[in-house]
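Enquirer: Take this structure first; my questions come after.
If you want it as C-alpha cells, here you go:
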C-alpha cells in the first residue's frame, strides 16, 4: 500500500506539471466537419495526448469548406492563410498528384475478369484465369496497362468538396486500334454522368499534347462522391505485346484543402518558392526526394534524365562502334570507325575494347540498281533515259522506257533523302533522343544500333518530297489498293529475345493535316523475307521503319535485338504536275506506242504489254489486269473467281445473277438473283461484353456484296504518340468490316437515348474473291458446326451460297494463313421483307479463332429462281367483279418478275348462273340440231312414201291429162315413168320407159308385206334410186 500511494502521488505531480502552459509548437490544428451551410471550426489539439494544456487556443471560425489555395501554395491552419511552398516541394492547391507510385494509393483499385469472347477462342479451358502482371499494374513507378486476355478495370473513388476534375498524363501505343477504352464517371447514386464523348473517345479543348507523344486527358467532376472507372479490353486480332498504355501521373482537383506541400519525387527538384511542379534532372545528374538541386554524377558514372541515382559506366564493346565507309577508288575503299552517341562506355577501363583500326583496302560493294560510280568513287543515279544493275549505266533500247524509282541495295552511306532518329517510349518529359546513328549502314545492309539507352524506338525515315508519277496508272479510276500509283517493298529480318519486340512500317502523308497509314506491324523474330505494299496516295510522303527491342515498353531493352534491312524499293517517284520521273532506273519497260514527241503512251484499260510483239493486248474475258504487277505478259491477267465476271479486263465484278451447277448431273442448274440485296444494309452484332456498371462493348460487322462500306473510327480516340496521334483510320475500299461499338450513356439530365461510338476498325475483306457452294477456300474450311449443319439431317440442310472475300495478312500468331471473311447467304423462303443478318450460334462473336470471320444472312433472295414448271397458277375468289391471281412456287425456289407479284383480274360474281346458262345453251343447240335432223328425215320419208303410192296404180289405167303433140311424145320417148295401180287383190307397181314394153310384177296379197320376189325388190329399190 505504501508503494501504491507513492505512485498516485507521483502521477498527481506529473499531471500538475503537464497541465501548465504549453508552447505554441505543442499544438496541431484541425478543422471540424462541415455543416449544412458549408461552415466549419478550426480547433487546436495537443500533439501529445498526455499533454494537459491550460492555454489551448479557443475554437475559431474556419474558412469555407470550398476554399482552397492556388497551385504552389498550401493552407497554414494556424493563421488560416495560404503560404508558398518552400524549395524542394510543390503543391496543386486544391488537388493531389499521384506519381512515382510503389503501391496503389487509397481509393485506387483494380479488377480483372475474363472476357467472354476469349472463351470462344479457347474452348478447351473450363475456366479462364486472368494472369498476374497484366492489365492495370504499377511498374517503374507508373500506372500501366499491359495487354491481357482479360478485361481490366481501374477504379478511383473520390470525395470532392467542390467541382473539379481528374487529369491523366497518358501515352497510348503506336497502333491502338486493338484497344477498346471506356471511361465512366458515376456519382454517389451510382448514376453515370460523365460525358464519354469528351472524356476519352474524342479530343477536347482542355486536352493537350505538350510533348507531342505524351498527352493529358481531363474529365470534369462534380462535388460529392465520385467513382471514375477506366475499363480496357483488347481485340486479340489487332493487339500486340507492345500495345501498352502508360499513365505517368494522375492529378485530382477539387479535394479538401492541403495543409502541406508535397516533396519533389526523386529525380526532380525545385529551387524556388511556390512551385506547382518539379523540374526533372538532366542526363548525368540525379536527385533524391525533396531535393532543391540535382547532383552531378562522378566521372566514371552516368545517368538518364530524371534519375534518382547514377550508374557505373560499362566497358566498351564492339557494338559501341560503327563503320564509316569512304569513297571507292580502284575497287577499294577506306573504312574508319566512330563511336555511337551518346558515349556511355569507358574505353580506358581494363578489359574495354578499343576502337577498331581504320582499314584502307576493303572491297567495294556494288552500287544500288539505277546507279553507278562517278569519278569520285561515289554512287549516283544514271542519267535520264539510262538504266543499270548497279554498275555501268546503259541507254534503254528503242520502244522501251526506264523504270524509275529508288532501289537501295548498297548501304555504304545513308542516302541523302534518308535520315535516322529515335524517340523515348517511356519518358514523360521532353527529352531529345541523341542516339546517332540509330540505324547503322554496313555496306550490304543497314541495321539498328545496339544502343545502351533503354525505352527507345529506333527509326529510319525515307523522304519522298516530290510525290509519285506513274505513266501506266488508270487516270479514270480512283487510286486504290487495286489501282496504286506506286509500290513500296522491303527485304528485312529481325532477331529478338522474345515476342515483345516490334517493327512498324508506316506511311506518313505530308499534307496539311498530316495523316498516317500503318502498312504493317510485326512482332518477334522474323526470318529474312520480302514484303510489298501498294501506294495509292499521290503526294509528299515519308516512309518510317521503327523498331522497338524486346522489353522496350518497360524500359528493359534487350541490347542484342536488332532489325536488318537488305533492300528497299520505291517505284514511280516523280512529279505529277510536269509528268516526269526522278531517281534511277533498274530496268527498261516495253513501250508499245509513242506520241509525236517520242514519249511512251499507256495501254488502254485492261490491256497488258506483250513484250515479244511489243503491243498492247486485252486481257481475256473472265480475267482482269493486275495493276500492282509489271503489266507485262499474259501472267499479268488474273482469272476472276467463280461466278465473278469481267468483260473489260479492269475489274472482276458481281452482277447479282449467278448460276450454280448441282452435283447431280440429272438435276438442272440453280439460278440466283441477289439484286434485291443491293440496297439492303447487312449489319450483324456480336455478343455484348463486360456489362458491368454500364460499361460494355460489342463487335459490329458491316458488309456489302455489291459496293464498298466505310471502315473507320467514328470518333478520334488517338491521343497517342508523337507523329502518330492523327492517324488516318478510314479505309473506304472494303466490303467487309468489323468495328467495336461502345455504348455511351447519356448524362443524368439528358433525355436522349444512349449513343454508340464505333472504334477499333478491322478490315475483314476488301473484295469478293469467290462465290460458290464449296466449303473449301484457300486452306480454310467451313465445318458443319460453322454452318449449323450438325443438328440437321442431310435432306433438311438449307441451300447456302458462300461469298469468300480476299484473304488479309495477319500478324496474329494463330493465323498462319491470314484471316478470311465469309458471308453465307441462306435460302429462307419466309424471309421476304428484310434479310436476317446474324452470327453463327457456335461463334456468337463472329469468329472462334480470330482468323475465320463468318456471318450468315437468311433471306428469300438467296433461294433459287423458279422455272415455269416450278410453280402453279392459282385464282382467288371473285369478289365485286375482281379476283386475285398468284403463283405458288415449289419448296426451294422463289418467283421473279410478274410471277413474284399478285395480279388482279376482272371477273363475274354469278359463276353458277354462268355455268347454267352455258349448259342451257348447249342443250338448246342440241335440240335444234335434233329437230333439223328429224325434219330432214321426215322429208325424205314423205318423199319415198309418195313415190311408193304413185307406183302402185293399175296397168290399164290411162293417164289423165291433155294429149301431147307428136313433138312431145318424141321428147318423152326416152323418159322413164312411174305408175301405181290396183287390180283385184294385187298391188301393182311398174316402171315404163317410153317406147319400151312394160313389165308388171304380180304378187298375192297375202304376202304383200314381206313376200316380194327378187324382181319386185329390185323394182322397189329402183324407185329409191330415181
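In this note's numbering, the protein residues as written are 898 to 1923.
Virtual Cβ for every residue (Gly too), placed ideally from N, Cα, C.
As the structure is a prediction and not an experimental result, all values here were calculated from the model.
Pick out whichever of 1762, 1688 and 1145 has its Cα sitting closest to the Cα of residue 995.
Expert: Translated into the one-based positions of the chain shown, residue 995 becomes position 98. It is 1145 whose Cα lies nearest to the Cα of residue 995.
Enquirer: Quick check on residue 1863: does DSSP put it in helix, strand or coil?
Expert: Working through the chain shown from its first residue, we reach residue 1863 at position 966. Unreliable positioning characterises residue 1863 in this predicted model, as indicated by a pLDDT of 47, which lies under 50. A coordinate reading is not provided.
Enquirer: Measuring CA to CA, which of 1289, 1148 and 1124 is closest to residue 1064?
Expert: Numbered from its first residue, the chain shown carries residue 1064 at position 167. Of 1289, 1148 and 1124, the residue nearest in Cα terms is 1148.
Enquirer: For the structure I just gave you, are there three or more beta carbon pairs, one from the segment 1284-1301 and one from the segment 1482-1493, closer than 8 Å?
Expert: Cβ pair count under 8 Å is three or more, so yes.
Enquirer: How would you call residue 1512, buried or exposed, if buried means at least 16 neighbouring beta carbons within 10 angstroms?
Expert: Residue mapping note: residue 1512 aligns to position 615 of the chain shown, counting from 1. Under this definition residue 1512 is an exposed residue.
Enquirer: If you draw a straight line from the C-alpha of residue 1533 to the C-alpha of residue 1757, how long is it?
Expert: Translated into the one-based positions of the chain shown, residue 1533 becomes position 636. Translated into the one-based positions of the chain shown, residue 1757 becomes position 860. If I take the Cα positions, the gap works out to 39 Å.
Enquirer: Between the beta-carbon of residue 1411 and the beta-carbon of residue 1581, is there less than 8 Å?
Expert: By 1-based counting over the chain shown, the position of residue 1411 is 514. By 1-based counting over the chain shown, the position of residue 1581 is 684. Not in contact: residue 1411 and residue 1581 (Cβ atoms no closer than 8 Å).
Enquirer: Who are the near neighbours of residue 1283 in its chain, counting only those whose CB is closer than 8 Å to its CB and skipping five residues on each side?
Expert: Residue mapping note: residue 1283 aligns to position 386 of the chain shown, counting from 1. Result list for residue 1283: 1290, 1291, 1292, 1293, 1299 and 1482, in chain order.
Enquirer: Report yes if the C-beta distance between residue 1191 and residue 1184 is below 8 Å; otherwise report no.
Expert: Here residue 1191 corresponds to residue number 294 of the chain shown, with the count starting at 1. Here residue 1184 corresponds to residue number 287 of the chain shown, with the count starting at 1. For residue 1191 and residue 1184, yes; Cβs fall inside 8 Å.
Enquirer: What is the rounded straight-line gap between the Cα of residue 1469 and the Cα of residue 1314?
Expert: Within the chain shown, numbered from 1, the residue matching residue 1469 stands at position 572. Within the chain shown, numbered from 1, the residue matching residue 1314 stands at position 417. Each residue's alpha carbon lies about 16 Å from the other.
Enquirer: Could you tell me whether the Cβ atoms of residue 966 and residue 943 are closer together than 8 Å?
Expert: Within the chain shown, residue 966 is the residue found at index 69, counting from 1. Within the chain shown, residue 943 is the residue found at index 46, counting from 1. Result no, Cβ atoms of residue 966 and residue 943 do not sit closer than 8 Å.
Enquirer: Identify which residue in 1562, 1556, 1561 and 1772 has its Cα closest to the Cα of residue 1570.
Expert: The residue given as residue 1570 occupies position 673 in the chain shown. Looking at the Cα atoms, 1556 is the closest of the given residues.
Enquirer: Among 1162, 1844 and 1601, which residue has its Cα nearest to the Cα of residue 1576?
Expert: Counting from 1 along the chain shown, the entry for residue 1576 is found at position 679. The option with the nearest alpha carbon to residue 1576 is 1601.
Enquirer: Mind checking which residues open and close the beta strand (DSSP E) that includes residue 1337?
Expert: For the purposes of this step, residue 1337 is taken as the residue at position 440 of the chain shown. It spans 1336-1338 - the beta strand (DSSP E) in which residue 1337 sits, taken as one unbroken run.
Enquirer: Applying the criterion that 16 or more other CB atoms from any shown protein chain within 10 Å of the CB defines a buried residue, is residue 886 buried or exposed?
Expert: Outside the displayed range of the chain (898 to 1923) lies residue 886, so it cannot be described from this structure.
Enquirer: Below 7 Å CB to CB, which residues in the same chain sit around residue 1213 once its five sequence neighbours on both sides are set aside?
Expert: For the purposes of this step, residue 1213 is identified with residue 316 of the chain shown, where counting begins at 1. Answer for residue 1213: 1242, 1243, 1244, 1249 and 1250, listed in chain order.
Enquirer: So what's residue 1101 in DSSP terms, helix, strand or just coil?
Expert: Counting from 1 along the chain shown, the entry for residue 1101 is found at position 204. Only weak support exists for where residue 1101 lies, its pLDDT of 43 falling under 50; the value from the coordinates is given anyway. Coil at residue 1101, not helix or strand.
Enquirer: Rounding to the nearest angstrom, what Cα-Cα distance links residue 1339 and residue 1217 in this structure?
Expert: Taking the chain shown and counting its residues from 1, the one referred to as residue 1339 is at position 442. Taking the chain shown and counting its residues from 1, the one referred to as residue 1217 is at position 320. About 14 Å.
Enquirer: Can you check the segment 1152-1230 for any beta strand (DSSP E) of at least 3 residues that lies completely inside it and give the ranges in chain order?
Expert: Runs of the beta strand (DSSP E) inside the segment 1152-1230: 1218-1226.
Enquirer: For residue 1445, does the three-state DSSP call read helix, strand or coil?
Expert: Position 548 of the chain shown holds residue 1445. Here residue 1445 sits in strand by DSSP.
Enquirer: Under the rule that 16 or more other beta-carbon atoms within 10 Å means buried, what is residue 892, buried or exposed?
Expert: Absent from the model: residue 892. The displayed extent of the chain is 898 to 1923, so no value can be given.
Enquirer: Please classify residue 1873: does DSSP put it in a helix, a strand, or coil?
Expert: Residue numbering aside, residue 1873 sits at position 976 when the chain shown is read from its first letter. Residue confidence is low: residue 1873 scores 46 on pLDDT, short of 50, so the model does not pin down where it sits. Its coordinate-derived value is still stated next. Residue 1873: strand per DSSP, three-state reduction.
Enquirer: I'd like to know whether the C-beta atoms of residue 1458 and residue 1352 end up nearer to each other than 8 Å.
Expert: What you label residue 1458 is simply residue 561 of the chain shown in a count that begins at 1. What you label residue 1352 is simply residue 455 of the chain shown in a count that begins at 1. Against a cut-off of 8 Å, the Cβ pair of residue 1352 and residue 1458 comes out as no contact.
Enquirer: Skipping 5 residues on each side, what residues in its chain have a beta carbon closer than 7 Å to that of residue 1023?
Expert: Sequence index remark: in the chain shown, residue 1023 carries index 126 (1-based). For residue 1023, the predicted structure reports a pLDDT of 48, less than 50, and the residue's modelled location is therefore unreliable. A value from the coordinates is still provided. Here the set comprises nothing.
Enquirer: So within the segment 929-1009, which uninterrupted beta strand (DSSP E) runs reach at least 3 residues, ignoring any that extend past its ends?
Expert: Whole beta strand (DSSP E) segments, 3+ residues: 938-943, 970-973, 978-981 and 992-996.
Enquirer: Using 8 Å as the threshold, is the segment 1683-1694 in touch with the segment 1656-1663, meaning 3 or more CB pairs across them?
Expert: The answer is no - the segment 1656-1663 does not touch the segment 1683-1694, with fewer than three Cβ pairs under 8 Å.
Enquirer: Under three-state DSSP, which class holds residue 1759?
Expert: Position 862 of the chain shown holds residue 1759. Residue state, collapsed to three classes: helix.
Enquirer: Starting from residue 1428, follow its DSSP beta bridges and name the residues at the other end.
Expert: If you number the chain shown from 1, residue 1428 lands on position 531. Residue 1428 is bridged to 1387.
Enquirer: So what does DSSP say about residue 1064, is it helix, strand or coil?
Expert: The residue given as residue 1064 occupies position 167 in the chain shown. Looking at residue 1064 - three-state DSSP - the assignment turns out to be strand.
Enquirer: Take the Cβ of residue 1819 as the centre, count every other Cβ of all protein chains shown within 10 Å, and call the residue buried at 16 or more, exposed below.
Expert: Within the chain shown, numbered from 1, the residue matching residue 1819 stands at position 922. Exposed.
Enquirer: Answer yes or no: do residue 1536 and residue 1525 have a C-beta to C-beta separation smaller than 8 Å?
Expert: Translated into the one-based positions of the chain shown, residue 1536 becomes position 639. Translated into the one-based positions of the chain shown, residue 1525 becomes position 628. No, Cβ-Cβ distance for residue 1536 and residue 1525 is not below 8 Å.
Enquirer: Can you tell me whether residue 1493 is buried or exposed? The criterion is at least 16 other CB atoms within 10 Å of its CB, across all chains shown.
Expert: As a position in the chain shown, residue 1493 is number 596, starting the count at 1. By the neighbour-count rule (16 or more Cβ atoms within 10 Å), residue 1493 is not buried but exposed.
Enquirer: Per DSSP, which one or two residues make a beta bridge with residue 1505?
Expert: Numbered from its first residue, the chain shown carries residue 1505 at position 608. According to DSSP, residue 1505 bridges with 1514.
Enquirer: On the CB-based measure, 16 or more other CB atoms within 10 Å of its CB, does residue 1374 come out buried or exposed?
Expert: Translated into positions along the chain shown, residue 1374 becomes position 477. When all chains shown are included, residue 1374 counts as exposed.
Enquirer: Can you give me the Cβ contacts of residue 1702 inside the same chain, cut-off strictly under 8 Å, excluding the 5 residues immediately before and after it?
Expert: As a first step, residue 1702 must be located in the chain shown, where it is residue number 805. 1632, 1633, 1661, 1662, 1663, 1664, 1665, 1666, 1717, 1718, 1719 and 1720.
Enquirer: What residue does the beta strand (DSSP E) around residue 1652 start on, and which one ends it?
Expert: Within the chain shown, numbered from 1, the residue matching residue 1652 stands at position 755. Its beta strand (DSSP E) spans residues 1652-1662.
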